[in-house]
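S.K.:
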Amino acid sequence: MAKSDFSSKSSSVTLKNLTKKFGSLDGSGEMTAVDDFNLEIEDGELVTLLGPSGCGKTTTLRMVAGFEFPTSGSILIGGKDVARVPPNKRGLSMVFQSYALFPHLSIYENVAYGLRVQRLPKAEIAERTAEVLDLMQLTSMAKRHPSQVSGGQQQRIALARAIVIEPKVLLFDEPLSNLDAKLREYMRDELRKLQKRLGITSLYVTHDQDEAMAISDRVVIMEGGKIRQTGTPRQIYEHPRSKFVANFMGKANLVPALFEGREGDGAVVSLWGGKVFLSRPDIQSRDAGSEPAAGDTVSLVVRPEAVRLTPATDAGPGSLIAGTVVRLTYFGGVALYEVMAGDRTLIVESHNPQATGVFEEGMTVGIHFDLDSVRILHGAEC
Amino acid sequence: MKGKNRSMRLSHLAGDPVLLFFVVLVFSGLALFVVLPLSRIFVYGVTDDAGKLDFAAAIEMLGSGAYASTFRNSMMLGIVTAVIATLIGYAFAYAITRTDLPFKGFFKAVATIPIISPPFVLSLSMIFLFGRNGLITRRLFGIEDANVYGMRSLVIIQSISFFPIAYLTLTGILEKMNPAVEDAALNLGASKFRIFRTVTLPLSLPGIVSALLLVFIQSMEDFSNPAVISGNFSTLAVEAYRIITGMYDMRGGSLMALMLLAPTFAAFALQKYWLSGKSFVTVTGKPGQVRVRAEGPALKWTLFAFCALIAFIVILFYGTVLVGAFVKIWGINFTLTWSHFKYVFSVGWAPLRNSVTLALIATPITGILGMIIAFLVVRKSFPGKRLMEFLSMLTFAVPGTVVGISYILAFNQKPFLLTGTAFILVMVFTFRNMPVGIEAGTSTLLQIDMSIEEASTILGATSAVTFRRISLPLLRQAFFSGLVYSFVRSMTAVSAVIFLISPRWNLATAGIFSLFEASKYSDAAAYIVVMIAIILVAMAILNFLVNLLGKSERSV
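Chains S and R, in that order, give the protein sequences. Sequential numbering of the first sequence, starting at 977, is according to our numbering. Sequential numbering of the second sequence, starting at 832, is according to our numbering.
Written out as structure tokens, the structure is:
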């Protein structure tokens, strides 16, 4: 089927200064769930809201859907303000965490529901429903009821039901969290393929960073109702702007160091008594424009895979400090270490341990950083 | 900020005309048929004939010894009945949910008989069995002057009538209790009895208190049994009726009714608002493991003997009326005859037809209104939602006597001149029976994932379409049990309608009551048998319709 079949109605989404406050349960005060949220989603783009529970990501999604009303700010779909448009007139669809299939209707009727509600001609309903059932490989089970099919199939029904109405925007509320790990990865890839193929603008909510990285054009990291960082998965992983982001998108060692000064594009810091040159520090300050002064404490963001261990006897040049392995978890393809270095514990990920060797608990090791991928965070935020 | 939220919700309401329509409709109904009558009876109790504030009548009544003893009687009856009925109910519930008792289906059926039964049955069999010409008292023991009237008979009758309420409440609690908790105690080495004492019993305590309060309310507001068998033992519901119909003292009756309202309302408030927060039942979303634990044989057979005894009594009482309807003169001449049915098919026919007609009209109204209110309260957000919930459940706490008197007061003058009409009876049925439908609908809706309705909405459906195509089908079970209940209650209502019937719109239950007053017990028995038959047929038809609907849906 041609891509244009489905994408014709897709449109951009703009969220401007979106704020949502809830009265607290005792009625005494209020709580800000979403705080001055700004986002542009381009036509056909998949943007993920990623954050811990209670960060406001679901509230934001529900405001776009129309299930919650913003306290202030505006939502534009295809350039049109939809603040006063009820959810059933917004031309969106949504895939729910629980799938929310209609238990009393057959799979066919579940998928056809949105078309029936629009009172389309019978022939068109039949044609479009059959088309989508076929696309989602559900044709053979169309007569069954949702309770008679597996979790992965239910997921596909939910998706079929959402795309058949050719929505302007497709909303996803943690759609994969009820699947087991293997199926989740499979469905994740299927979903991304389908979204790209149909070119539907999508807003996706999840708390799973792997999922966010795998499917998104762009990721918005949220915490406490605020946007912490927006960017492609790669931008965010490689250039986190705060400790929170560094920790939420992947794992990170945050190692304190003393800032010495800039040197060209790079920077020099003192770490564990020695001077270290970082070629691409990408210094991020809490206050935009402020620059760390010599002698300021900064945090180094060191990804676990950027730490290399060597046998202690080999602690020659390049080794920053000696440490002790306190814990080894062997995964086969990866060995995960906790190493005591000075007064802190570093997490270390060593790939292909069969080739590089495994360090047992209690062993003394030399610690090396891949200095090109170490970043600097500066200020109270870091 | 709060004001802004409110105005947002108001504008939301304005933007959804269907929602607005139903909110306004429900509130108008509640205002007219709940708030207006209740406020009328309150005001009436503390004003004089000229409408001026006057507490004289109220103070005089409170000070009189006769009133005090009536109040004491009702309270005493309520408490004793509540305790006995709850004990029987707990034994039944425990036996059925926790043991592999034989004949479970039979015991369950026995426990539903008193719920769907017409009024007066148990009182009538009490008279047949233990009265002056009683089968047991006169025939068996040769007692010539047996006095069946009084509190003792009332306690027995009410305990049998109301133990099913306790049984149903406690079954719910015992079934929902996670068996793993008891297994954990067993695993830790506790004996079976110790587990019951330290785990099962404390966990079912909220259910026990709930059952006690519900039975207490039923006992207090019971009109039919005390009216025919209490003798000199006066109760509030009956006294209020006698004061109004016998002494034409509307104000005195109203005050008596208000004194009845106070304890029942307190019990209702306690049950609904205080106790509901105390429930320990953990609902996990996992399908409940319905599991029978094998209790020791000693306990099992003790429970079996007890349940069998109760079942025997229930069957004895109902069987007595059945036989009583077909014998010439009870206690004297046991020749079989159809003669008692003559009354039913002559004088008694019009009231019976009225009862069926009005119940048939009220039933769908009650059912649909109940579902709409449950839906609005659980799923929608609009100003005054809590008030709507409170008002619609309120009639459950208000004894029928109070409802009947307050409807007379509210609707005997323009602009709402409704007394004597069929309409007022339909409204009494509707607003009195609605709470059970609402309760069933609410608990079903709470179990249905809200995103199912949201999915319908975002696919383009309006509130009305979502309700009709998604919510209502999912509520079918609750809806139909609400219908059955509402029909049965409408057919069997006495306490409220006794004030509102007119020569044109007389009802079957009032017909039976007048037969009692004329001591025509055998005619009453025949009348009751016909009513039971109608109720059973109606239930069978409703059941058939449910299944039919279920099938047609599946074959789509």
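A virtual CB, placed ideally from N, CA and C, is assigned to each residue, including glycine.
Could you check whether Thr1275 of chain R and Leu1305 of chain R sit closer than 9 Å to each other, using their CB atoms as the reference points?
M.R.: yes
S.K.: Provide the residue span of the beta strand (DSSP E) that contains Asn1014 of chain S, from first to last.
M.R.: Glu1006 to Ile1017
S.K.: Take Met1090 of chain R as the anchor and find which of R:Val877, R:Ser1333, R:Ala1369 and R:Val1315 has the nearest alpha-carbon.
M.R.: R:Val877
S.K.: Distance check for Gly1313 of chain R and Arg1194 of chain S, CA to CA, integer angstroms please.
M.R.: About 51 Å.
S.K.: Taking Cβ positions only, does Asp1149 of chain S come closer than 9 Å to chain R?
M.R.: yes
S.K.: Using a 10 Å radius around the Cβ and a threshold of 16 neighbouring Cβ atoms, would you call Leu1111 of chain S buried or exposed?
M.R.: buried
S.K.: With distances taken between CB atoms, is the gap from Ala1138 of chain S to Ser1192 of chain S smaller than 9 Å?
M.R.: no
S.K.: Between which residues of its own chain and Lys996 of chain S is the CB-CB distance below 7 Å, once the five residues before and five after are set aside?
M.R.: Ala1009, Val1010, Thr1035, Met1039, Glu1044, Pro1046 and Thr1047
S.K.: Could you please give the first and the last residue of the uninterrupted beta strand (DSSP E) stretch that includes Arg1204 of chain S?
M.R.: Taken as a continuous stretch (DSSP letters only), the beta strand (DSSP E) holding Arg1204 of chain S covers Lys1202 to Gly1207.
S.K.: Rounded to the nearest angstrom, how far is the Cβ of Leu1179 of chain S from that of Gly1128 of chain S, given a contact under 8 Å?
M.R.: In fact, because the Cβ distance is near 23 Å, the residues do not count as touching under 8 Å.
S.K.: Determine which residues of the region 1284-1297 of chain R have a Cβ less than 9 Å from any Cβ of chain S, and write them out in chain order.
M.R.: Glu1284, Glu1285, Ala1286, Ser1287, Thr1288, Ile1289, Leu1290, Gly1291, Ala1292, Thr1293, Ser1294, Val1296 and Thr1297
S.K.: Does the CB of Leu1296 of chain S have a neighbour CB from chain R at under 9 Å?
M.R.: no
S.K.: Give the C-beta separation of Ile1269 of chain R and Ile1204 of chain R to the nearest angstrom, bearing in mind that I take them to be a contact with Cβ-Cβ under 8 Å.
M.R.: 5 Å
S.K.: Which value, in whole angstroms, describes the spacing of the CA atoms of Arg1256 of chain S and Ile1212 of chain S?
M.R.: Whole-angstrom Cα-Cα distance: 15 Å.
S.K.: Quick check: is the beta carbon of Asp1014 of chain R nearer than 9 Å to any beta carbon in chain S?
M.R.: no
S.K.: Quick one: measure Cβ to Cβ for Leu1447 of chain R and Ala889 of chain R, integer angstroms, because I've assumed they're closer than 8 Å.
M.R.: Past the edges of chain R, shown from 832 to 1387, lies residue 1447 of chain R, and the structure says nothing about it.
S.K.: Ordered along the chain, which non-local residues of its own chain (more than five positions away) have a Cβ less than 7 Å from that of Gly1020 of chain R?
M.R.: none
S.K.: Which term fits Lys1159 of chain R, buried or exposed, when burial requires 16 or more other beta carbons within 10 angstroms of its beta carbon?
M.R.: exposed
S.K.: Give the interface partners of Leu1305 of chain R over in chain S, defined as CB-CB distance under 9 Å, in chain order.
M.R.: Phe1078, Pro1079 and His1080
S.K.: Just to confirm the assignment: which complete beta strand (DSSP E) runs, minimum length 3, are found wholly within the region 972-997 of chain R?
M.R.: none
S.K.: With DSSP run on the structure shown, which of helix, strand or coil describes Pro1232 of chain S?
M.R.: strand
S.K.: Would DSSP call Gly1049 of chain S helix, strand or coil?
M.R.: strand
S.K.: Whole-angstrom Cβ separation of Ile1133 of chain S and Leu1077 of chain S, contact assumed at under 8 Å?
M.R.: 6 Å
S.K.: DSSP three-state label for Lys1211 of chain R, please.
M.R.: coil
S.K.: With a cut-off of 9 Å, does the C-beta of Arg1300 of chain R fall near any C-beta of chain S?
M.R.: yes
S.K.: Using C-beta distances below 6 Å, list every residue in its chain close to Thr1299 of chain S, excluding the 5 sequence neighbours before and after it, in chain order.
M.R.: What sits at residue 1299 of chain S in the sequence shown is Gly, not Thr. Excluding sequence neighbours, Gly1299 of chain S sits near Val1315, Met1316, Ala1317, Val1341 and Ile1343.
S.K.: Per DSSP, Phe998 of chain S is paired with what?
M.R.: S:Met1007
S.K.: Name the residue from R:Phe1242, R:Leu1373 and R:Ala1088 whose alpha carbon lies nearest to the alpha carbon of Pro1195 of chain R.
M.R.: When C-alpha distances from Pro1195 of chain R are compared across R:Phe1242, R:Leu1373 and R:Ala1088, the shortest belongs to R:Leu1373.
S.K.: Mark Trp1169 of chain R as exposed unless 16 or more other C-beta atoms lie within 10 angstroms of its C-beta, in which case mark it buried.
M.R.: By the Cβ neighbour-count rule, Trp1169 of chain R is exposed, with fewer than 16 other Cβ atoms within 10 Å of its own.
S.K.: Output, in chain order, the set of chain S residues within a Cβ distance shorter than 9 Å of Ser1282 of chain R.
M.R.: Met1070, Phe1072, Gln1073, Ser1074, Tyr1075, Ala1076 and Asp1149
S.K.: Whole angstroms is fine: what's the gap from Thr1226 of chain R's alpha carbon to Ala942 of chain R's?
M.R.: 25 Å
S.K.: Give the secondary structure of Lys992 of chain S by DSSP, where H, G and I count as helix, E and B as strand, and everything else as coil.
M.R.: strand
S.K.: Per DSSP, Val1181 of chain S forms a beta bridge with which residues?
M.R.: S:Leu1025 and S:Asp1149
S.K.: When you compare only the Cα positions, how much space is there between Asp976 of chain R and Ile1163 of chain R?
M.R.: Note on geometry: alpha-carbon atoms of Asp976 of chain R and Ile1163 of chain R lie some 15 Å from one another.
S.K.: Please go through the same chain and pick out, in chain order, the residues whose beta-carbon is closer than 7 Å to the beta-carbon of Pro1094 of chain R, but skip the five residues on each side of it.
M.R.: Met906 and Met1051
S.K.: Between which two residues does the beta strand (DSSP E) carrying Gly965 of chain R extend?
M.R.: No beta strand (DSSP E) holds Gly965 of chain R; DSSP gives it neither H nor E.
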